[in-house]
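With positions in the sequence shown counted from 1, the corresponding number in my numbering is that position plus 1442. Ideal placement from N, C-alpha and C gives every residue a C-beta, glycine not left out.
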Amino acid sequence: MSTFQAPKGTYDLTPPDSAKFLAVREAISAPLRDSGYGYIETPGFEDVELFARGVGESTDIVTKEMYTLTTKGGAELALRPEGTASVLRAALEANLHKAGNLPVKLWYSGSYYRYERPQKGRYRHFSQVGAEAIGTEDPVLDAELIILADQAYRSLGLRQFRILLNSLGDKECRPVYREALQTFLRDLDLDEETRRRIEINPLRVLDDKRPDVQKQLTDAPKLRDYLCDACKAYHEEVRALLTAAGVVYEDDEKLVRGLDYYTRTTFEFVHDGLGSQSAVGGGGRYDGLSEMIGGPALPSVGWALGVDRTVLALEAEGVELDIPATTSVYAVPLGEEARRALFAVVTELRRAGIAADFAFGGRGLKGAMKSANRSGARFTLVAGERDLAEGVVQLKDMESGEQSAVPLAEVVAELTTRLG
Ligand code: HAM
C-alpha cells in the first residue's frame, strides 16, 4: 500500500522546527496581549457569503482561492481565507461593540486556507497571528498597530524588514479617483483579462507586476492627488505618530492590497530575504466592512502577520531563536526495580513543576544517555540495583559533568533547589 503525504501546498510542523513556530506566535502576540487586546477564536469555516461580501466579489481570494463546500444540510461554507471578516462577524454577533468600551481590541492566531499556486512562502494552508481594533476612528490606533507589529518583529531579532505605507482614501474620494484611473486605463494596450479588471477592480491593475504593464502606468493618475482633506489629514497624523515613535516606513502609493475592504491607512511588512513572496504581514483600516456584512458603522483597523513567512524571514536573516530546552531532568533507570522507583520520582518532579522525561523501553545506559543529551536536560538521574539498595540515585549535572549520590527521598527537594 502506498503511504500518504501532506496535501499539495501544505506541510507538517514537526519537532524540533515546530518550536520555532510556537516561539513566533508567542512573540507576535506578546505585544498585543500587553496592549489591551483580548484573545478571540472563531470557526475554521464560515458562510461563504461572509467572505464574498467582506473580502470582495472581484478579489482573487474570493473568485479563485476559496475552498468552498456544500454541507450535507445544504449550507454553503468556505474554509476561512483570512481572519478579519470572521472576527468582525463574531464581534457583532456577541455584541462586543455594545459593551461600551470602544475600540474592541482583539487578537487571534490560527490556520487559513487559500487555493493558490504553491511555491516557497506561498501555501494552501498557512498560519497567521492577527489583531483587529474595532469601532474607533483614530489615527493613534492605526499607529499603535503598526508600532506593535514592528515591536514584535524586532523582538524576534528581525532587522531586514521594511514597512510600506499608503492611504486608499475613503468613500468620498476613492470613487472619484477610481473613475479617473479607469478613464486612463481604458486607453492603454492591455489584454482581455486586465481590461475586465479595469471595470471591476481598477486599483489592482496598478499592482500588475509585468514590466510591459508597469511601463504604461508611469503617468497613471495618483491616488495621493485625489485624497480628500479629511483623508489627507488623517494620513499625515498616522505618519507623524510613526515618526515620533521612531518607526521607519516608506510611502508606497502603489500599495493596494488584495482585499477590497480597505479604506485610508494600508500597510505591508515586506522582508527582502524572501524573494517573490516578500510580504510577511499586512493590514489597514476597514471603515466600511461592518456595514458591508450587515452591521452598524464601525470604523476599524487591523493586521495579520504570516507565521510561515516570518519563520522563513528568520532563516533568511540567520536569526537563531533562543529556544530553551523543554526538559530539565532526564531519568535513566537500569533494571526493573529502578524503573518503578525513577518513574515515581519523575512523576513527583512533574507535579512539583519541574519538566522531566524518562528513558522508556528499558534501554541500555549508553543509548539512554544519548537521549538524555538530546533532550537538553540540565540534570540526569541514573539508578541501578546497587544505588537502590543504598537508597540513593546518581544525580549528574550535564553542564559540569559532576556527579553525586543523592538520597532517593531528597531528590525532588535537591533538584528544586538546584534549578532555582
Ligand atoms: P493578507 O495580506 O492577505 O491580509 O495576509 C496577511 C499575511 O498572511 C501575508 O502578509 C502573508 O505573510 C500571510 N499569507 C497570506 N497568504 C499566504 C499564503 N498563501 N501562504 C503563506 N502565507 C500567506 C489579511 O489576511 C488581512 N486579513 C489582514 C488584515 C487584518 N487586515 C486588516 N486586519
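- Rounded to whole angstroms, Ala1825 and Ala1773 show a C-alpha spacing of 8 Å.
- Residues Glu1695 of the same chain have their beta carbon placed closer than 6 Å to that of Arg1666, with the five preceding and five following residues left out of the count.
- 8 Å or more divides the Cβ of Leu1530 from the Cβ of Glu1488.
- Shown here for Cys1615: same chain residues with a beta carbon closer than 7 Å to its own, the five before and five after excluded, namely Tyr1668, Leu1669, Cys1670 and Cys1673 in chain order.
- Annotated three-state conformation of Arg1559 is coil, per DSSP.
- Around the beta carbon of Arg1475, fewer than 16 other beta carbons sit within 10 angstroms, so the residue counts as exposed.
- Residue pairing by DSSP places Leu1607 opposite Asp1693 and Phe1709 in a beta bridge.
- The beta carbon of Lys1547 sits closer than 7 Å to the beta carbons of Gly1478, Tyr1479, Gly1480 and Ala1575 from its chain, once the five residues preceding and following it are set aside; these are given in chain order.
- By the Cβ rule, the segment 1557-1571 does not count as touching the segment 1760-1775, because fewer than three pairs are nearer than 8 Å.
- Note that the C-beta distance between Leu1492 and Ile1735 is below 8 Å.
- As DSSP reads the structure, Phe1568 sits in a beta bridge with Tyr1554.
- Restricted to the segment 1833-1858, not a single alpha helix (DSSP H) segment is unbroken, complete and at least 4 residues in length.
- By the Cβ criterion, the segment 1715-1722 is not in contact with the segment 1508-1520, since fewer than three pairs of Cβ atoms, one from each stretch, lie closer than 8 Å.
- When DSSP states are grouped into helix, strand and coil, Val1774 belongs to the strand group.
- In the DSSP assignment, Tyr1481 is bridged to Trp1549.
- Restricting attention to alpha helix (DSSP H) runs no shorter than 4 residues, the segment 1724-1768 encloses them at 1731-1734 and 1749-1759, ordered along the chain.
- Per DSSP, Val1824 lies in no alpha helix (DSSP H) segment; the continuous beta strand (DSSP E) that holds it begins and ends at Phe1821 to Ala1825.
- When DSSP reads this structure, Ala1575 sits in a beta bridge with Lys1547 and Val1743.
- With respect to the 8 Å criterion, Glu1558 and Glu1507 are classified as neighbours on the basis of their beta carbons.
- Beta-bridge partners assigned by DSSP to Glu1518: Thr1512.
- DSSP places Ala1585 within a helical segment (H, G or I) once states are collapsed to three.
- Distances from the CB of Tyr1565 to the heavy atoms of the ligand HAM include at least one below 7 Å.
- A distance below 7 Å between beta-carbons, with the five flanking residues on each side excluded, links Phe1785 to the following residues of its chain, in chain order: Phe1800.
- Around the beta carbon of Ser1842, a 10 Å sphere encloses fewer than 16 other beta carbons of the protein chains shown; the residue is thus reported as exposed.
- Contact fails between the segment 1803-1811 and the segment 1849-1856, because fewer than three Cβ pairs, one in each stretch, are under 8 Å apart.
- With a cutoff of 7 Å, Ala1746 counts as near the ligand HAM, since its C-beta is closer than that to a heavy atom of the ligand.
- Listed in chain order, the non-local C-beta contacts of Phe1709 below 8 Å within the same chain comprise Ile1588, Ile1605, Leu1606, Leu1607, Asn1608, Tyr1691, Leu1697, Gly1724, Gly1725, Gly1726 and Trp1745, local neighbours out to five positions each way being set aside.
- In this structure, the straight-line span from the alpha carbon of Gln1658 to that of Val1761 is close to 40 Å.
- Excluding residues up to 5 positions away in sequence, Phe1487, Glu1488, Val1490, Phe1493, Met1508, Tyr1509 and Thr1510 lie with their Cβ nearer than 7 Å to the Cβ of Ala1520 in the same chain.
- Taking non-hydrogen atoms of the ligand HAM into account, the C-beta of Arg1604 is found less than 7 Å away from none of them.
- Assignment of Asp1489 by DSSP, reduced to helix, strand and coil, places it in the strand class.
- With a beta-carbon spacing of about 7 Å, Glu1524 and Leu1701 fall inside the 8 Å limit used to define contacts.
- Residue environment: Leu1740 is assigned as buried (16 or more neighbouring CB atoms within 10 Å of its CB, all protein chains considered).
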